[in-house]
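Protein chains in written order, with our numbering: chain S, 13 to 274; chain Z, 2 to 179. Each residue gets a CB set at the ideal place from its N, CA and C atoms; glycine is no exception. Input: a single structure, listed below in structure tokens.
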Amino acid sequence: MSLRREMHSAFDEIAPTTAGLPERVVQTVVRQRHGHQRRERWVLRIRAPLSLVAAVVLIALVAAVLVSGRLVQDWNAWHNGVPAGERPQTDIAQLEARPLMLPTLQPNDSCPDGPEANGLWGSGPVLAAPGWTQPKTANELAGNFSTQWGEYWYQTYIVGDQVSGPILARGKDLRTNQRMIFVGNYAAGSVVGSDSINGRLVQQHQELILDMSRPPAKPTTAHKLEWPVITGLAKGSSDCVAWQLDGPDFTEVWVVYVLPDP
Amino acid sequence: MQQVAEVKPSDAGRAISERAFADLLSPLIEPGFRLAFAMLHDAQAAEDAVQEASFTAWRKVGRISDQGRLRPWFLGVVANKCRNARRRKWVADVRLGLPEHLSVVSGEEQSLRGTDLRRAVARLRHEDRLVVVLYFYLDMTLDDIATVAGSSVGATRARLYRSIRKLRPDLDLEEALR
Chain S
13 MSLRREMHSA
23 FDEIAPTTAG
33 LPERVVQTVV
43 RQRHGHQRRE
53 RWVLRIRAPL
63 SLVAAVVLIA
73 LVAAVLVSGR
83 LVQDWNAWHN
93 GVPAGERPQT
103 DIAQLEARPL
113 MLPTLQPNDS
123 CPDGPEANGL
133 WGSGPVLAAP
143 GWTQPKTANE
153 LAGNFSTQWG
163 EYWYQTYIVG
173 DQVSGPILAR
183 GKDLRTNQRM
193 IFVGNYAAGS
203 VVGSDSINGR
213 LVQQHQELIL
223 DMSRPPAKPT
233 TAHKLEWPVI
243 TGLAKGSSDC
253 VAWQLDGPDF
263 TEVWVVYVLP
273 DP
Chain Z
2 MQQVAEVKPS
12 DAGRAISERA
22 FADLLSPLIE
32 PGFRLAFAML
42 HDAQAAEDAV
52 QEASFTAWRK
62 VGRISDQGRL
72 RPWFLGVVAN
82 KCRNARRRKW
92 VADVRLGLPE
102 HLSVVSGEEQ
112 SLRGTDLRRA
122 VARLRHEDRL
132 VVVLYFYLDM
142 TLDDIATVAG
152 SSVGATRARL
162 YRSIRKLRPD
172 LDLEEALR
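Here it is as structure tokens:
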């Protein structure tokens, strides 16, 4: 028996019937859609007076933030002698001062990939999954894409919300020593190049900073923060790449074996 | 291979009608469920993944300009929901590896070989399991699988070969790919 027939047989013999499933799923979506539309209509009716209230509240909030920010800054300067806002920069500088402890492989060395479990790289406190969890395109689901410059991967970095302070990510190709670059919202450090991605000119950086005090979204129910990241390597990279992640009290390394074309 | 219902591209705009949406989505539910079931080995979790993917499809279907790509795109969303479902389970359980007993055990499991194969598939990494299920169970082409996985055709082929080696180390590749 061929593997294909074995596979059909293995799953078909335990798969439940799907009779009525398409109708059930579509009806649930449509019901949800109606609920959504009803909410929109209700919101529209009270939008005008609410917008006035919202504008007033917004002005009050901005004023409060400005005043309280100034107060906090004065308080910190008075007590610590270090202005607020400089502390993260100091922390990042300390992380940047740590050496990159990624080895260089000899031509015949095998790629020491890992740690990896259940499709997630790393053993914590930082884990990474391929793709973004809120994708808008097929590439963002699990993908990589190429430009004339090289290849990029969409990744989601997952960090427990109990971790504090900034986390610095850097990386390189373990065979060619090419430095990994990052683009997008969390890329940091000096600009080392640029590329055109989806018609937009983006700047390439050699560092990525996850600022735990400013996460991209609320923690998940499992108290995890998820960071959508784009990582790249220039053409000519090998099959073995590694990341080093430095946090206030940890250093973590992931090594990933990149599948070569057959 | 099942074809997506014929709907004019303009129907799939932002103001897509319920009828057009149902016509677009209905043919995708069954393959989506089969994919999710083979990935998760749990009928209820598979239905949840397809339902969540359908909500995502409702919100985003208007952005898919090429309706011919709808099927691989939708299966890609289902695959992502499956990965998140497994990740949530992993995070909740703080347990690594394969559960001793899969959650669906049919009383009519006659074939030990089938059980072994399902367990072997379940032990594969998410990305490996995805290409194996899409190729051997949903009978998709490598081009479409590459679209679902968001990868190149070459990388997808390499992943498929490696996954076959993991599943059946002694099986000849040509024989396996039949």
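Chain-ordered neighbours of residue i on chain Z, where CB pairs are closer than 9 angstroms
| i | result |
| --- | --- |
| PHE194 of chain S | What PHE194 of chain S touches in chain Z: nothing, since even the nearest Cβ is about 19 angstroms away. |
Residue j beta carbon less than 8 angstroms from that of residue i
| i | j | result |
| --- | --- | --- |
| GLY248 of chain S | THR159 of chain S | no |
| VAL149 of chain Z | GLY77 of chain Z | yes |
| ARG19 of chain Z | VAL42 of chain S | One detail in the question is off: residue 19 of chain Z reads as Glu in this sequence, not Arg. Cβ atoms of GLU19 of chain Z and VAL42 of chain S: closer than 8 angstroms. |
| TRP236 of chain S | ILE170 of chain S | First, the residue type needs correcting, since residue 236 of chain S is Lys and not Trp in the sequence shown. Result yes, Cβ atoms of LYS236 of chain S and ILE170 of chain S sit closer than 8 angstroms. |
| ARG110 of chain S | THR232 of chain S | no |
| SER164 of chain Z | LEU125 of chain Z | yes |
| ILE104 of chain S | LEU213 of chain S | no |
| ARG35 of chain Z | TYR136 of chain Z | no |
| ALA54 of chain Z | VAL79 of chain Z | yes |
| SER27 of chain Z | VAL69 of chain S | no |
| ALA58 of chain Z | PHE38 of chain Z | no |
| PHE194 of chain S | ARG119 of chain Z | no |
| GLU25 of chain S | GLY155 of chain Z | no |
| GLU128 of chain Z | ARG158 of chain Z | no |
| PRO260 of chain S | SER206 of chain S | no |
| ARG182 of chain S | GLN256 of chain S | yes |
| PRO178 of chain S | MET224 of chain S | yes |
| TRP133 of chain S | TRP266 of chain S | yes |
| VAL15 of chain S | ALA177 of chain Z | A small correction: the amino acid at residue 15 of chain S is Leu; Val does not occupy that position in the sequence shown. Their beta carbons are under 8 angstroms apart, which means LEU15 of chain S touches ALA177 of chain Z by this criterion. |
| LEU33 of chain S | ILE146 of chain Z | no |
Interface partners of residue i on chain S, CB under 8 angstroms
| i | result |
| --- | --- |
| ALA23 of chain Z | VAL38, VAL42 |
| LEU71 of chain Z | Here the premise fails: no neighbours, minimum Cβ distance about 11 angstroms. |
| LEU118 of chain Z | GLU18, MET19, ALA22 |
| LEU172 of chain Z | LEU15 |
| VAL51 of chain Z | LEU33, VAL37 |
Interface residues of chain Z facing residue i [CB-CB closer than 8 angstroms]
| i | result |
| --- | --- |
| PRO5 of chain S | This structure does not reach residue 5 of chain S, given that chain S is present from 13 up to 274, and the question cannot be answered. |
| THR145 of chain S | ASN81, ASN85 |
9 angstroms Cβ cut-off: residues of chain S touching residue i
| i | result |
| --- | --- |
| ARG114 of chain Z | MET13, GLU18, SER21, ALA22 |
| SER55 of chain Z | VAL37, VAL38, THR40, VAL41 |
Per-residue contacts from residue i into chain S (C-beta, under 7 angstroms)
| i | result |
| --- | --- |
| PHE137 of chain Z | LEU15, ARG16, MET19 |
| ALA46 of chain Z | The premise fails here: ALA46 of chain Z is roughly 12 angstroms from chain S at the closest Cβ pair, so nothing lies under 7 angstroms. |
| ALA123 of chain Z | Near ALA123 of chain Z there are no residues of chain S at all, since even the closest Cβ is about 11 angstroms away, more than 7 angstroms. |
Just by C-beta distance, which residues in the segment 15-44 of chain S are closer than 8 angstroms to chain Z? Interface annotation for the segment 15-44 of chain S against chain Z: LEU15, ARG16, GLU18, MET19, HIS20, SER21, ALA22, PHE23, GLU25, ILE26, ALA27, PRO28, THR30, LEU33, PRO34, GLU35, VAL37, VAL38, THR40, VAL41, VAL42, GLN44, criterion Cβ-Cβ distance under 8 angstroms.
Q. Quick one, which residues of the segment 230-249 of chain S are near chain Z if we go by CB-CB under 7 angstroms, in chain order?
A. Residues passing the 7 angstroms Cβ filter: ALA234, LYS236.
Checklist entry - Going along the segment 157-182 of chain S in order, which residues come within less than 7 angstroms of chain Z, judged by CB to CB distance? => result Flagged: no residues at all.
- Item | At least 3 beta-carbon pairs within less than 8 angstroms: the segment 109-123 of chain S vs the segment 185-203 of chain S | These segments touch.
With 9 angstroms as the C-beta to C-beta threshold (strictly closer), list the residues of the segment 22-42 of chain Z near chain S in chain order.
-> From the segment 22-42 of chain Z, only PHE22, ALA23, LEU26, SER27, PRO28, LEU29, ILE30, GLU31, GLY33, PHE34, ARG35, PHE38, ALA39, HIS42 have a Cβ closer than 9 angstroms to chain S.
- Item | Every unbroken beta strand (DSSP E) inside the segment 15-86 of chain Z [3 residues or more] | Counting only runs of at least 3 residues, the segment 15-86 of chain Z fully encloses no beta strand (DSSP E) element at all.
Note to self: Assess contact between the segment 160-171 of chain S and the segment 236-254 of chain S, defined as three or more Cβ pairs (one per stretch) separated by less than 8 angstroms. Is contact present?
What the structure shows: Here the segment 160-171 of chain S makes contact with the segment 236-254 of chain S; the two share three or more CB pairs at distances below 8 angstroms.
Item to complete: Flag this pair as touching only if the segment 215-230 of chain S and the segment 192-206 of chain S have three or more C-beta atom pairs under 8 angstroms; answer yes or no.
Response: Result yes; three or more Cβ-Cβ pairs closer than 8 angstroms.
Quick check on the DSSP output: what are the complete alpha helix (DSSP H) runs of length 4 or more inside the segment 137-187 of chain S, in order along the chain? Counting whole runs of 4 or more residues, the segment 137-187 of chain S contains the alpha helix (DSSP H) stretches 150-154.
Exercise. Using a Cβ cut-off of 8 angstroms, which residues of the segment 145-169 of chain Z contact any Cβ in chain S, in chain order?
Worked result: Listed by position along the chain: THR148, VAL149, ALA150, GLY151, SER152, SER153, GLY155, ALA156, ARG158, ALA159, ARG160, TYR162, ARG163, ILE165, LEU168, ARG169.
Item to complete: Kindly provide the ranges of any alpha helix (DSSP H) runs that are 4 or more residues long and lie completely inside the segment 118-176 of chain Z, ordered along the chain.
Response: Within the segment 118-176 of chain Z, the complete alpha helix (DSSP H) runs of at least 4 residues are 127-133, 143-150, 154-168.
Tell me the start and end of each unbroken beta strand (DSSP E) in the segment 187-270 of chain S that is at least 3 residues and wholly inside, in chain order. Listed in chain order, the complete beta strand (DSSP E) runs (minimum 3 residues) inside the segment 187-270 of chain S are 193-195, 199-209, 212-223, 236-246, 252-259, 262-269.
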